[in-house]
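In the working numbering, the protein residues as written are 298 to 484. Don't be surprised by glycine CBs; every beta carbon is placed ideally from N, CA and C. Keep in mind the model is a prediction, meaning the values are calculated, not measured.
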Amino acid sequence: MRSSVTPAEFERSGLPQEEARALARRVNDILRGHKDRTNPQTQVGLWLEFRGLIDQDPVLRRTFGVQAILYGLAYEGRKAEDGPGPAWIPSPETIRTSHLGSIMRERHLGSYAELHRWSTEHREDFWSEVIKRLGIVFRKKPERILEPTADLTHADWLPGASLNIAESCFGAEPGKTAIVYASEATP
């Protein structure tokens, strides 16, 4: 496992020499503060620190090669059983204002693990709530959310329902923006 990076790595990704040197110094300072980099939580914490560097610098936000180097460095040595390291981690504000965040508050669930447990113990309630919050439009409403006698490995979801998911996706106000596009080459 590498204990440092060189400016040349960042230069090869398109970063000018002086910026590459400054970034290498900052990254190496961060690396020195993380001794056990095989721990999955430590890796996520390291990636969040690197994301902080990226988010503060407009040049780094546009330089995918540098982001890829930092991501690889953060999750270097990650065990296969730990799964891939998350590239995007929602902010506390994003979580708070999300549909799942509001379900957690309404159900007095203190963690994602509690939400997961509740969702598996109350599948119909959970998915009924999710469908409602997402505004899924049915041409014919389902008789129920989940056929209770079905084997969960071959579940019968939304029996009797008919829908065209495009009607749910494009049912917003006609004057609202539907698609936002930005080029990574010329932000």
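- In its chain, beyond the 5 residues on either side, ASP453 have a beta carbon closer than 8 Å to the beta carbon of ALA447.
- The residue among THR394, LEU328, TYR409 and GLY407 with its C-alpha nearest the C-alpha of TYR372 is LEU328.
- Between VAL363 and SER310, the CB-CB gap stays under 7 Å.
- Cβ-Cβ distances below 7 Å link GLU464 to VAL434 in the same chain, with the five nearest sequence neighbours on each side left out; the list follows chain order.
- Leaving aside the five residues that flank HIS331 on each side, the residues in its chain whose CB is nearer than 7 Å to its CB run, in chain order, THR339 and LEU343.
- Between GLU306 and ILE366 a beta carbon distance of about 6 Å is seen, short of the 8 Å cut, so the two are scored as contacting.
- Between the alpha carbons of PRO439 and VAL477 lies a distance of about 33 Å.
- Around ALA321, the same chain offers VAL302, THR303, PRO304 and PHE307 as residues with beta carbons nearer than 7 Å, after the five sequence neighbours per side are excluded.
- Under the rule that a run must span 4 or more residues, the alpha helix (DSSP H) segments found entirely inside the stretch 374-406 read 389-394 and 396-403.
- Secondary structure at LEU455: coil, using DSSP grouped into helix, strand and coil.
- Using a 10 angstroms sphere on the CB of THR335, the tally of other CB atoms stays under 16, which defines it as exposed.
- DSSP, read as helix, strand or coil, puts LEU370 in helix.
- Per DSSP, the beta-bridge partners of LEU443 are TRP454.
- Contact check for ARG375 against GLY369 fails: the beta carbons are separated by 7 Å or more.
- If you draw a 10 Å sphere on the C-beta of LEU345, you find fewer than 16 other C-beta atoms in it, and that means exposed.
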